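*Asks:* First the structure, which I've put down as structure tokens, then a few questions once you've had a look.
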Amino acid sequence: MSVLDDEVFQGKKYILAVDFINLVASTTKDYIDDIASYLVLNNFDKEVSSYLMDKYSRVTRVEHSQSHDYDVNTRNFLENCHSKVILSKSISLRLINDLKGGLLLLL
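Structure, rendered in structure tokens:
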């Protein structure tokens with residue numbers, strides 16, 4: 006049983022970070038960089054936990070140093086969205102690998 010199986014069994018919900026941002030963008034009709042900025046400014050990265058999924062769908066929990074009070078991978082992902090996807094309403098397939106396409110968020 007993997008980490009993901011255990012978390013799903015406990016009723017927790019996961020979503021790929023890229024899918025989450027694209028879903029918010031399509032729902033709100035906003036630009037990706039505006040959404041990423043809003044989420045950082047409103048401490049979204051303090052409310053989620055990140056997991057990494059490799060190409061074989063193995064999920065690993067990401068441990069962060071105790072010096073941060075936010076999820077480091079989520080913050081980096083949102084900052085990269087802001088800098089790489091300017092004035093776009095969705096994240097294109099070619100940018101998914103650049104933006105850690107295997108990053109899962111636990112909401």
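First residue of the sequence shown: 6, per this note's numbering; consecutive thereafter.
Every residue, glycine too, gets a C-beta built ideally from N, C-alpha and C.
Remember, predicted model here, so these are calculated numbers, not experimental data.
Name the residue from Y19, A41, D24 whose alpha carbon lies nearest to the alpha carbon of S97.
*Replies:* Closest by alpha carbon: D24.
*Asks:* Buried or exposed, going by whether 16 or more other CB atoms sit within 10 Å of the CB of D76?
*Replies:* By the neighbour-count rule (16 or more Cβ atoms within 10 Å), D76 is buried.
*Asks:* When you compare the CB positions of S93 and I26, do they come within less than 8 Å of one another, or not?
*Replies:* Not a contact, by the Cβ cut-off of 8 Å.
*Asks:* Below 7 Å, is the gap between the Cβ of S42 and the nearest heavy atom of the ligand MN?
*Replies:* As far as ligands go, the structure on display features none, and thus does not contain the ligand MN.
*Asks:* Could you tell me which residues DSSP pairs with T65 in its beta bridges?
*Replies:* Answer by DSSP bridge pairing, in chain order: L57.
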